[in-house]
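Residue numbers (full-length UniProt numbering), protein chains in the order written: chain A, 1 to 142; chain B, 1 to 142.
Here a beta-carbon is modelled for each residue, glycine too, at the ideal position from N, C-alpha and C.
All values derive from a computational prediction rather than experimental measurement.
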DNA sequence: TTGTAATAATTGATATATCAATTAAATTTT
DNA sequence: AAAATTTAATTGATATATCAATTATTACAA
């Protein structure tokens, strides 16, 4: 146990890092000029069109500051537009452009392939147990 | 399966991120002025006194560039010293100072507590399965 | 209603991640 | 031995992470 409790965090860290590099590489290979994080942010906005940046940061587990900067880049890239909410001028209304919608749609297939490749040889039962363990860690660290 | 294969990466990412924040907070609370990554680097050098920066980067899953910069900071902080290897002037010899050794020793207890708290309520069997799953993901993404 | 507190987003500072390019030194090839 | 290749480390550029501080706005409370 002592040994494994040491190694488990090492492997959690390693696996997600490798998966991200793997996924990012596949995106690049398919000609998509977008990072995994940027893709996730656009996806969340599409699925929650009235979301605020603060809510968004909770949804994607990122700091407010990170979200502000990712959004800046997405606007620069033409995937997103921003407008002050007239109902509450502290808030911003985020709007995914057509280009933004298109890239999400096109990237989706690659994301599914990535997940499937990364989970190759893992059965449903083990996956469920792994998920349970991760959820417990999350609860313990909150 | 479709749903879980979506969520599993989300939870891997979330769990390691929360654990790192949790661990970092504990270090701060105990008055240690060091980041998790810096701690890991010093620890690896102590355990492998003749290691090169390149080997180190593989050991801690970091880019050469990141390692160079982390080492710069550790030297600035007085935890590490660096000297060109006369046998091969491309290489650097890394030496942990007494201050560096001391902080590793003192931090160790906190790290053990962190791991133990984060794994609370998880039994040996589930942990082993989770580890197996992570290893498979790692192998698949390599 | 005016002052205070809370909320949303931004900005600054510093650390790390990633890729590409560069420098310096050692090794291999011709 | 000179040229080409490889290796080790650094540096530059850009993206993200984290914490702290700030600004603008709204909500609340005395």
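Whole angstroms are fine: how far does the CA of residue 58/B sit from the CA of residue 91/B?
Taking the second chain and counting its residues from 1, the one referred to as residue 91/B is at position 91. Taking the second chain and counting its residues from 1, the one referred to as residue 58/B is at position 58. Cα to Cα, residue 91/B sits roughly 16 Å from residue 58/B.
Can you find a C-beta in chain B that's less than 8 Å from the C-beta of residue 126/A?
Indexing the first chain from 1 puts residue 126/A at position 126. For residue 126/A, the nearest beta carbon of chain B is closer than 8 Å to its own beta carbon.
Once DSSP output is grouped into helix, strand and coil, what is the label at residue 119/B?
By one-based count along the second chain, residue 119/B stands at place 119. Three-state result, residue 119/B: coil.
With a threshold of 8 Å between beta carbons, is residue 102/A in contact with chain B?
Working through the first chain from its first residue, we reach residue 102/A at position 102. Answer no: the Cβ-Cβ gap between residue 102/A and chain B never drops below 8 Å.
Under 9 Å from the C-beta of residue 61/A: neighbouring residues of chain B
Translated into the one-based positions of the first chain, residue 61/A becomes position 61. Think of a sphere of 9 Å around the beta carbon of residue 61/A: the chain B residues whose beta carbon falls inside it are 10, 13, 14, 17, 18, in chain order.
Have a look at the DSSP bridge pairing and note the partners of residue 82/B.
Numbered from 1 along the second chain, position 82 holds the residue referred to as residue 82/B. The beta-bridge partner set that DSSP reports for residue 82/B consists of 94/B.
Three Cβ pairs or more, each shorter than 8 Å: is that satisfied between the segment 91–111 of chain B and the segment 41–52 of chain B?
Under the three-pair Cβ rule at 8 Å, the segment 91–111 of chain B counts as touching the segment 41–52 of chain B.
Using alpha carbons as the reference points, say which of 68/A, 77/A, 12/A lies closest to residue 33/A.
Along the first chain, one-based indexing puts residue 33/A at 33. Relative to residue 33/A, the option among 68/A, 77/A, 12/A whose CA is nearest is 77/A.
Separation of residue 21/A from residue 39/A, as counted between CA atoms:
As a working note, residue 39/A is residue 39 in the first chain. As a working note, residue 21/A is residue 21 in the first chain. Each residue's alpha carbon lies about 14 Å from the other.
Keeping to the same chain, check which residues put their C-beta closer than 6 Å to that of residue 145/A; ignore five residues upstream and five downstream.
The structure shown does not extend to residue 145/A, since chain A is modelled only from 1 to 142, so the question has no answer here.
For residue 52/A, the first and last residue of its enclosing alpha helix (DSSP H):
As a working note, residue 52/A is residue 52 in the first chain. No alpha helix (DSSP H) holds residue 52/A; DSSP gives it neither H nor E.
Give the C-beta separation of residue 51/B and residue 94/B to the nearest angstrom, bearing in mind that I take them to be a contact with Cβ-Cβ under 8 Å.
Residue mapping note: residue 51/B aligns to position 51 of the second chain, counting from 1. Residue mapping note: residue 94/B aligns to position 94 of the second chain, counting from 1. Contact between residue 51/B and residue 94/B is confirmed by a C-beta separation of about 7 Å, below the 8 Å threshold.
Rounded C-beta distance between residue 15/A and residue 12/B? I'm assuming under 8 Å.
Sequence index remark: in the first chain, residue 15/A carries index 15 (1-based). Sequence index remark: in the second chain, residue 12/B carries index 12 (1-based). That pair is a contact at about 6 Å.
With DSSP as the reference, label residue 43/A as helix, strand or coil.
Mapped onto the first chain, residue 43/A falls at position 43. DSSP, read as helix, strand or coil, puts residue 43/A in helix.
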